[in-house]
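Chemist: The structure under discussion is supplied below as structure tokens; questions concerning it will follow.
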Amino acid sequence: MQHPTSADIQRVREFLLDLQARICTGLEQRELESGGTAQFEIDDWERPEGGGGRSRVLQNGSVIEKGGVMFSHINISKLPASATERHPQIAGAKAQALGVSLVIHPKNPNVPTSHANVRLFVAEPEGQDPVWWFGGGFDLTPFYPDDQDVLDWHQKAHDLCAPFGDTVYTEHKKWCDDYFYLKHRDEQRGVGGLFFDDLNQWDFETCFKYIQAVGNGYLEAILPIFQRHQNQPYTKAQRDFQLYRRGRYVEYNLVYDRGTLFGLQTGGRIESILVSMPPLAAWSYRPEWDEDSAEKRLTDYYLKPQDWLTELQ
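When we follow this note's numbering, the leftmost residue of the sequence shown carries the number 171, and every step to the right adds one.
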């Protein structure tokens, strides 16, 4: 297996920083088009163990209530349990991890929350060859789903996967459905997308091209959704439902998300780890929705795994 050189890792780093900048620019444009002036603030940081990152956060915008687009490139002297459970051969090894991870919480309930990340992990077990893999994906969490949004989102996912193999979309779509599942609620976090980890079955260059396609695909998929819905009117009841559903997002990220656990177990920067939390969320005791309501249809239909490309054509 080809192992990444320091030059390879630098190329990944440069792509990730560029991706972060382009995503922030694209989302800031949505603010400008709605008459807002909010921008992503840049916060560069370092960690004592080695490495650091660039956090870019937008808060209280006219379109985005809170958004974090985070780049990190960290050194780890001893890998934690969250990284070695599936890879016991690298327990205790030194490693480096770099990636971009983002969560965007729109203000308008008609615009879905979205998440994406792409990352590279390289471990160096003593006396052994380096162990590396890529991971990432993107997923969509609507409150009031629009079928065109869901179809376009999955069509973009399908199309970017196609050059890498006929089964990639199907496999990574299912992986996303399985991963973003709230077991204690028996529901999906949203309508899915792509998710993958431990990606090294191709050569390094092909794997790198795939995460480039995923990162660029997120931006191409999310911007039209904002354009369609960011100025759409909404009611207080819809806003309340959005906050209620955001509570599910918090539950998932704190209970199940491996990235959150990895960050906490490696002594990561807590502000960056928890930037995915929405500024406002709510919980209600056993709320009930009318049988023919949009709120009821969300949980009964959209939050169940579906073959969206077939279902919505």
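The beta carbon of each residue, even a glycine, is placed where N, CA and C say it ideally should be.
Closest to Phe432 by C-alpha separation, out of Val233, Val227 and Leu268, would be which residue?
Modeler: Translated into positions along the sequence shown, residue 432 becomes position 262. Ranking Val233, Val227 and Leu268 by Cα distance to Phe432 puts Leu268 first.
Chemist: Measure the C-alpha to C-alpha separation of Ala286 and Glu461 and round it to an integer number of angstroms.
Modeler: For the purposes of this step, residue 286 is taken as the residue at position 116 of the sequence shown. For the purposes of this step, residue 461 is taken as the residue at position 291 of the sequence shown. Taking the straight line joining both Cα atoms gives about 33 angstroms.
Chemist: Okay, do the region 335-348 and the region 275-293 touch, 3+ Cβ pairs below 8 angstroms being the bar?
Modeler: Cβ pair count under 8 angstroms is below three, so no.
Chemist: May I ask you to report which of helix, strand or coil DSSP gives Asp427?
Modeler: Here the question's residue 427 lines up with position 257 in the sequence shown. Of the three classes helix, strand and coil, the one that applies to Asp427 here is coil, per DSSP.
Chemist: Measuring alpha carbon to alpha carbon, tell me which residue in Gly417, Val384 and Gly306 is nearest Met447.
Modeler: As a first step, residue 447 is located in the sequence shown; it is residue number 277 there, counting from the start. Met447 has its Cα closest to that of Gly417, out of Gly417, Val384 and Gly306.
Chemist: Using 10 angstroms around the beta-carbon of Gln412, count the other beta-carbons present and answer buried if the total reaches 16, otherwise exposed.
Modeler: The residue you call residue 412 lines up with position 242 of the sequence shown. Burial call: buried.
Chemist: Among the candidates Ile440, Glu465 and Arg415, whose CA atom is the shortest distance from the CA of Ala451?
Modeler: To locate residue 451, count along the sequence shown from 1; it is residue 281. Comparing Cα positions, the closest option is Arg415.
Chemist: Would you report the Cα separation of Gln400 and His257, rounded to the nearest angstrom?
Modeler: Indexing the sequence shown from 1 puts residue 400 at position 230. Indexing the sequence shown from 1 puts residue 257 at position 87. Going by the C-alpha atoms only, they are around 43 angstroms apart.
Chemist: State the Cα-Cα distance for the pair Glu216 and Gln266, rounded to the nearest angstrom.
Modeler: Along the sequence shown, one-based indexing puts residue 216 at 46. Along the sequence shown, one-based indexing puts residue 266 at 96. Those two C-alpha atoms are separated by around 14 angstroms.
Chemist: For the candidate residues Val281, Gln397, Val445 and Asp367, whose alpha-carbon lies nearest to that of Leu202?
Modeler: Taking the sequence shown and counting its residues from 1, one reaches residue 202 at position 32. Checking every option, the nearest Cα to that of Leu202 belongs to Gln397.
Chemist: Could you tell me which of Val239, Pro333 and Asp319 sits nearest to Thr376, measuring between CA atoms?
Modeler: Taking the first residue of the sequence shown as 1, we reach residue 376 at position 206. Nearest of Val239, Pro333 and Asp319 to Thr376, Cα basis: Pro333.
Chemist: Considering just the uninterrupted stretch of the beta strand (DSSP E) at Asp178, what are its terminal residues?
Modeler: Along the sequence shown, read from residue 1 onward, the residue named residue 178 stands at position 8. Counting along the chain, Asp178 falls outside any beta strand (DSSP E), though it belongs to the alpha helix (DSSP H) covering Ser176 to Glu203.
Chemist: DSSP three-state call for Lys326: helix, strand or coil?
Modeler: What you label residue 326 is simply residue 156 of the sequence shown in a count that begins at 1. Residue state, collapsed to three classes: helix.
Chemist: For Leu193 and Leu389, which I take to be in contact (beta-carbon distance under 8 angstroms), what is that distance rounded to the nearest angstrom?
Modeler: As a position in the sequence shown, residue 193 is number 23, starting the count at 1. As a position in the sequence shown, residue 389 is number 219, starting the count at 1. A quick correction: the sequence has Ile, not Leu, at residue 193. Going by Cβ atoms, the distance from Ile193 to Leu389 rounds to 5 angstroms, so yes, they are a contact pair.
Chemist: What's the C-alpha gap between Pro315 and Pro282?
Modeler: Here residue 315 is taken as the residue at index 145 of the sequence shown, counted from 1. Here residue 282 is taken as the residue at index 112 of the sequence shown, counted from 1. If I take the Cα positions, the gap works out to 8 angstroms.
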